[in-house]
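Have a look at the structure below before the remarks.
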Amino acid sequence: MDEQLHEMVREVVRSIPSGRVATYGDVADIARAPSPRMVGAVLNQDGHDLPWHRVLKANGTCAPHLADEQLRLLREEGVPSLDGKVDLRAYRWEDAVKEKEEPPGLW
DNA sequence: GACATGACCAGAT
DNA sequence: CATCTGGCCATGT
């Protein structure tokens with residue numbers, strides 16, 4: 000049923016380049032997800048294969064239980080975090096795609 | 001169908 | 001910065 004959506008979200012997350020991050024809202028927007036909540040839901044189920052650590056909350060922080068792991072992985076990829084927060088202004092991947100509205104070749 | 005839960009978001013106080 | 005409020009919507013009981 001929501002297979003379509005699942006694949007979409009996964010595809011988007013997979014396309015986040017190393018050293019960049021995106022917010023749940025952004026991913027939801029790009030993947031045409033009905034709501035950001037779904038992104039989290041999908042990652043929770045099928046996110047094991049994906050670079051889920053490149054997905055943060057809208058304020059630049061990560062979900063509580065993942066915080067430690069998240070920040071560590073990001074740091075290894077070259078994304079510094081200050082006080083548990085990432086500077087979205089500088090590392091937000093969506094910035095490059097935002098104007099386009101939709102990633103090419105996805106459909 | 002009602003109700004609770006969750007890797008969310010934005011605005012107001 | 002901390003809370004609250006309302007909205008979001010799939011999943012499970």
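The first sequence maps to residues 0 to 106 in numbering that gives the first Met the number 0. Positions of the beta carbon are idealized from the N, C-alpha and C atoms, including for glycine. Bear in mind the structure is a predicted one, so any value in this text is a computation, not a measurement.
Closest in alpha carbon position to Ala89, among Gln3, Val41, Gly59, is Gly59. In the structure shown, the three-state DSSP call for Ala21 is strand. With contacts defined by Cβ atoms closer than 8 angstroms, Val20 and Leu55 form a contacting pair.
Collapsing the DSSP output to three states places Arg31 in coil. By the criterion of a C-beta distance shorter than 8 angstroms, Lys84 is surrounded in its chain by Asn58, Gly59, Thr60, once the five residues flanking it on both sides are discounted.
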